[in-house]
Every structure is written in structure tokens, then in C-alpha cells.
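A.B. asks:
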Amino acid sequence: MKIYEQKYLSRPSNRMLLASNLNHHMLVPKKFASAHLRTFYFDDSKLSSFYESANGNYNKIKCRFREYINPEESGAYYSLEVKIRNGLSTDKIKHLIYSKLPKAYRIESFNSLVRELSNITGKSYSDIKNVLNNKTYKPTCIVEYKRQRFDDKYKSVRYNIDTDIIAKRTSSFALLESSHLLEKKYINDIFEMKSMSVPIFPRSLSKTRVIRSSFSKYLWAMIVLDNTNRVPLL
77 MKIYEQKYLS
87 RPSNRMLLAS
97 NLNHHMLVPK
107 KFASAHLRTF
117 YFDDSKLSSF
127 YESANGNYNK
137 IKCRFREYIN
147 PEESGAYYSL
157 EVKIRNGLST
167 DKIKHLIYSK
177 LPKAYRIESF
187 NSLVRELSNI
197 TGKSYSDIKN
207 VLNNKTYKPT
217 CIVEYKRQRF
227 DDKYKSVRYN
237 IDTDIIAKRT
247 SSFALLESSH
257 LLEKKYINDI
267 FEMKSMSVPI
277 FPRSLSKTRV
287 IRSSFSKYLW
297 AMIVLDNTNR
307 VPLL
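Just so you know, we're using my numbering here: the sequence shown kicks off at 77 and counts up by one.
This is the structure we're talking about:
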């Protein structure tokens, strides 16, 4: 699935204005209009995904596992994802998981997680395995946040507001439903637009005081959590 994304920074003091404009001009979905998300990020031994993002590469790969905290009825528990950036567009491989992993499941690598979910669901996830190409991706950090979703009334465009963004440290493995000693909170909210074609910023939102940005939750989390000079300070 090829998508185009645009991201904007928005101050928390601007949250009500932005949400009010979206409520007025856009549609609130009947299901899954809001969510509490916990995203586990993975990288190889060379931190290739981190450096691709830090260097502003237009071609990059990102592996992540998303947990939906207290999902709505009939909603998925998890999402297994690989994002492949090719220039301005992004190809996303995404599989929703409706079966639960064992409590306090230990995630050793993205690869082992794919195998475990394959055993649980009976699906091969061959599209993801082909992208991994036998390269091992270990957990690096966790980012948790709350999301509000809106849909355009006339075009196939989705609008998200991500708030209360928190980065959490993990070690050589990650545990589901575990506490984390080190947490860092991001000072701003993120507003993003997603579409199957290049989205155009709506005129109805022109007074919402958002600022265009290439913000990456993964890049930010890796930097603010780093106490060992493992990643460069940008």
C-alpha cells in the first residue's frame, strides 16, 4: 500500500483549536476515532534505520510493532508493520493481529516476533520476511501516545493528532506490559495527513497555527533516551 504523509508540529496549547477545527470541517469515524498506542521500534546492529532517518535519506526501512492499549470491541490487539520509504511516497506493509501474545511476552527481535505471531495466527507474513532478508532487527525503544483520527469529507485523506508522546527505553529485549525506568516526554503534539496521493493542506485549517516538520518519533526517541553516546546528538 503506497501512501503519502505530511507532518506538522502543534503546541499543546493549540490542541483544542486544532481539534475543534477538525471536528467542524472533517468527519469523526464511527469506529476507532481515538486510540492509545504503544509502538516498539527495531533496528539492526548498525542502527541503519536510525541513520537513514537522521541523514534525511529518501530511501529507508523502518520495522515496528504497535500495541493497541484497551482496544475497542472488534478492534485488533496489535499491528505488525514495515514502512519502506521510496522518495516522497511510503510503501507500508501492515498486518492487524487479533490474537493476544502471552502476558509479559519477551520480544527478543522483530524476526522472532514475526515467527511467533505466524505460529499464533497461522499466517506466513512472507511479505515482511522478504523485506527482512535474514537481517536481524533488535528492539531499540518504545514510543507511547494517544491519537485522535479524522477523515476528510470529500477526499481520501486521514488526519491524525498525536498527543502525550512518551519515549521509553528498552534493552536488548522488550517486555509487553512492563514498566520502564527511563521515560522522556515530547513537548509538542504531532498533526499528520495521510493519503494515497500527495495531500494538500486544507484551507479550513489555515488558522490552526501548525508548523510543517519532518519529525520522526523514532529518531527523537533514540536521541533523548541515549545516555551512552550510542547515537549522535543532532
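All C-beta atoms in this analysis are idealised placements derived from N, C-alpha and C, irrespective of residue type, glycine included.
Where does R288 fall in DSSP's three states?
C.D. replies: Here residue 288 is taken as the residue at index 212 of the sequence shown, counted from 1. Strand.
A.B. asks: In terms of residue numbering, what span does the beta strand (DSSP E) encompassing K159 cover?
C.D. replies: Within the sequence shown, residue 159 is the residue found at index 83, counting from 1. Residues 154–162.
A.B. asks: Judging by CA-CA distance, which residue of V207, F141, S280, S282 is the nearest neighbour of P215?
C.D. replies: One-based indexing of the sequence shown puts residue 215 at position 139. Answer by Cα proximity: F141.
A.B. asks: Straight-line CA distance for K138 to V158?
C.D. replies: Locating residue 138 in the sequence shown gives position 62, where the first residue counts as 1. Locating residue 158 in the sequence shown gives position 82, where the first residue counts as 1. Near 6 angstroms, if we compare the C-alpha coordinates of V158 and K138.
A.B. asks: Hey, out of Y174, F186, T212, whose CA is closest to I196's CA?
C.D. replies: One-based indexing of the sequence shown puts residue 196 at position 120. Residue Y174 is the option with its Cα nearest to I196.
A.B. asks: Determine the burial state of R362: buried for a count of at least 16 other Cβ atoms within 10 Å of its Cβ, exposed for fewer.
C.D. replies: The question about residue 362 has no answer here: the residues shown for the chain are numbered 77 through 310.
A.B. asks: Please classify S86 as buried or exposed, where buried requires at least 16 other C-beta atoms within 10 Å of its C-beta.
C.D. replies: Locating residue 86 in the sequence shown gives position 10, counting from the first residue. Taking every protein chain shown into account, the CB of S86 has 16 or more other CB atoms within 10 angstroms, so this residue is buried.
A.B. asks: According to DSSP, is L103 part of a helix, a strand, or is it coil?
C.D. replies: Locating residue 103 in the sequence shown gives position 27, counting from the first residue. Strand, per DSSP.
A.B. asks: Mapping the DSSP letters down to three states, classify V300 as helix, strand or coil.
C.D. replies: Locating residue 300 in the sequence shown gives position 224, counting from the first residue. Three-state DSSP puts V300 in a helix.
A.B. asks: So K270 packs on R234, CB below 8 angstroms; how close in whole Å?
C.D. replies: Along the sequence shown, read from residue 1 onward, the residue named residue 270 stands at position 194. Along the sequence shown, read from residue 1 onward, the residue named residue 234 stands at position 158. Confirmed, about 5 angstroms.
A.B. asks: Would you call the CB atoms of L113 and I237 closer than 9 angstroms?
C.D. replies: Locating residue 113 in the sequence shown gives position 37, where the first residue counts as 1. Locating residue 237 in the sequence shown gives position 161, where the first residue counts as 1. Not a contact, by the Cβ cut-off of 9 angstroms.
A.B. asks: Tell me the DSSP bridge mates of V207?
C.D. replies: One-based indexing of the sequence shown puts residue 207 at position 131. According to DSSP, which records beta bridges pairwise, V207 is partnered with nothing at all.
A.B. asks: Confirm, please, whether the CB-CB distance from Y213 to S232 is below 9 angstroms.
C.D. replies: The residue labelled residue 232 in the question sits at position 156 within the sequence shown. The residue labelled residue 213 in the question sits at position 137 within the sequence shown. Taking 9 angstroms as the Cβ cut-off, S232 and Y213 do not qualify as a contacting pair.
A.B. asks: Does the region 77–94 come within contact of the region 259–269, defined as at least 3 CB pairs closer than 8 angstroms?
C.D. replies: yes
A.B. asks: What first and last residue would you give for the alpha helix (DSSP H) that runs through F186?
C.D. replies: To locate residue 186, count along the sequence shown from 1; it is residue 110. From DSSP, the alpha helix (DSSP H) with F186 extends over 186–197.
A.B. asks: Measuring alpha carbon to alpha carbon, tell me which residue in D302, Y294, V300, L301 is nearest E128.
C.D. replies: Taking the sequence shown and counting its residues from 1, the one referred to as residue 128 is at position 52. Nearest option by C-alpha distance: Y294.
A.B. asks: Under a three-way DSSP split, which group does Y201 fall into?
C.D. replies: Stepping through the sequence shown from its first residue, residue 201 is reached at position 125. Of the three classes helix, strand and coil, the one that applies to Y201 here is coil, per DSSP.
A.B. asks: According to the Cβ coordinates, are D228 and L103 closer than 9 angstroms?
C.D. replies: Position 152 of the sequence shown, counting from 1, holds the residue named residue 228. Position 27 of the sequence shown, counting from 1, holds the residue named residue 103. In contact: D228 and L103 (Cβ atoms closer than 9 angstroms).
A.B. asks: How many angstroms separate the CA atom of L281 from the CA atom of N90?
C.D. replies: As a first step, residue 281 must be located in the sequence shown, where it is residue number 205. As a first step, residue 90 must be located in the sequence shown, where it is residue number 14. About 12 angstroms.
A.B. asks: Mind checking whether I145 and I169 have CB atoms under 9 angstroms apart?
C.D. replies: In the sequence shown, residue 145 corresponds to position 69, counting from 1. In the sequence shown, residue 169 corresponds to position 93, counting from 1. Contact: no.
A.B. asks: Within a Cβ cutoff of 7 angstroms, which residues of the same chain sit near P275, ignoring the five residues on either side of it in sequence?
C.D. replies: The sequence position of residue 275 within the sequence shown is 199, counting from 1. Closer than 7 angstroms at the Cβ level, and outside the excluded window around P275, lie Y80, Q82, V233, M269.
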